[in-house]
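Residue numbers (the UniProt record's numbering), protein chains in the order written: chain A, 1 to 216; chain B, 1 to 216.
If you want it as structure tokens, here you go:
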């Protein structure tokens, strides 16, 4: 029996009681159209799996932050756990991921697009750009992971490049060519699914060199 | 008119629609029994205010992580924002606070006790101890802020000391004397409310010295 990596992950999601599991489960036919290398995962799933790998191997400790929720009403039924009956989504004030890698503070946001030639900047919110800039000032290693899912290409782009483009008037997107120029491209693989720390190593080496390209 | 600092904060909580605001609001009489220096805040409130101060002054970027929630059912009523109608609290896998300070990764948990002579170790959960230890291996600055609220005394204790005590069999608490010995004590003040970065500076200097006391 061939055990597809994707099957393993689906089983994992089922076991942890992911409520979106059924909704996102598609017929086996969809496999025909996609590359196996990314295992049919979303970018977020790929990063979460990579973080798990990095943590278990004691390479880095990076977690996705929970979505901030304003809780208004909670029920405490007998013999069972508390149920939140009324709550609202709050505005996030940071990025989705942060953590520590060999003494370095990492902070990043991940975004994907189905576009093939450019990345729309409206995908980033102002609070994310502000937060990344604040962390850069504190000498964090700050970046974005941009996935062109239709092309199966993934880029680790320094936050200062994205911030600069984001604040440029009348600039609504960055071209794939610009992203290629500014970023370290990484290939999706098996373990880790998305080896983004390879790009971080580049940025750290770049920071130490006198004529760094990325100025991260 | 005297504008009490506590009043300002209450107004802030009211303005952001904090659902616990009314519940925690007490008559003015309670002020007689407490020191004004901590402004009647909980330890968490003191740390959140300090983080706000540090961020605005561009000294450090530290945020409290949201409580992780498993969302099951969301309603999208017309003309108003999404309402979460069924959700559950999930087990946290990290500590409450992390961030970056001048290139250093900070990670900590804050706990308070009304005890006057010892701190019960059951206040820490295994996942918090494990996470702090993982971050220590990645050279993060990891610690706990312990508040003896009855004494109005606050200690910044290196995570390795707490982890060592936590894993010691039959040790259910650490004495105030032990905490005094292991920690940097900080005094609550005005801005920031709890200047815990003073302790972090000690730890950083200690790490650089050959015969460091804290071995953080």
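Virtual Cβ for every residue (Gly too), placed ideally from N, Cα, C.
If we call anything under 9 Å between Cβ atoms a contact, is residue 59 of chain B one with residue 141 of chain B?
-> no
Can you tell me whether DSSP reads residue 85 of chain A as helix, strand or coil?
-> strand
Closest by C-alpha distance to residue 131 of chain A, when choosing among A/61, A/54, A/94, A/195 | A/94
So the beta strand (DSSP E) residue 157 of chain B belongs to, where does it begin and stop?
-> 153 to 158
Using a C-beta cutoff of 9 Å, does residue 124 of chain B count as contacting chain A?
-> no
Residue 166 of chain A versus residue 87 of chain A: straight-line alpha-carbon distance, rounded | 32 Å
Classification of residue 144 of chain B by the beta-carbon crowding that lies within 10 angstroms, buried from 16 upward | buried
Does the beta carbon of residue 105 of chain A come closer than 9 Å to any beta carbon on chain B?
-> yes
Following the continuous alpha helix (DSSP H) through residue 198 of chain B, name the residue where it begins and the one where it ends.
-> 197 to 208
Below-9 Å beta-carbon distance, residue 88 of chain B vs any chain A residue = yes
My understanding is that residue 183 of chain A touches residue 155 of chain A, with C-beta atoms under 8 Å, so please give their C-beta distance in whole angstroms.
-> 4 Å
Nearest residue (CA-CA) to residue 48 of chain B, options B/163, B/83, B/109 = B/109
Please confirm if residue 140 of chain B has its CB atom under 9 Å from at least one CB of chain A.
-> yes
So, are the CB atoms of residue 116 of chain A and residue 150 of chain A less than 9 Å apart?
-> yes
Just confirm the distance between the C-beta atoms of residue 103 of chain A and residue 139 of chain B, as a whole number of angstroms; I'd bet it's less than 8 Å.
-> 4 Å
Per DSSP, residue 129 of chain B forms a beta bridge with which residues?
-> DSSP output for residue 129 of chain B lists no bridge partner at all.
Determine the direct distance from the alpha carbon of residue 161 of chain B to that of residue 213 of chain B, and round the result to whole angstroms.
-> 11 Å
Would you report the Cα separation of residue 22 of chain B and residue 72 of chain A, rounded to the nearest angstrom?
-> Caution is warranted here: a pLDDT of 42 is assigned to residue 22 of chain B, below 50, making its placement in the model unreliable, and the coordinate value is therefore given only provisionally. Approximately 12 Å between the Cα atoms of the pair.
With DSSP run on the structure shown, which of helix, strand or coil describes residue 214 of chain B?
-> coil
Give the straight-line distance between the Cα atoms of residue 216 of chain B and residue 118 of chain A, rounded to the nearest whole angstrom.
-> 46 Å
Members of the segment 48 to 69 of chain B that neighbour chain A once the beta carbon cut-off is set at 9 Å = 55, 58, 59, 60, 61, 63, 65, 66, 67, 68, 69
Classify residue 98 of chain A as helix, strand or coil using the three-state DSSP reduction.
-> strand
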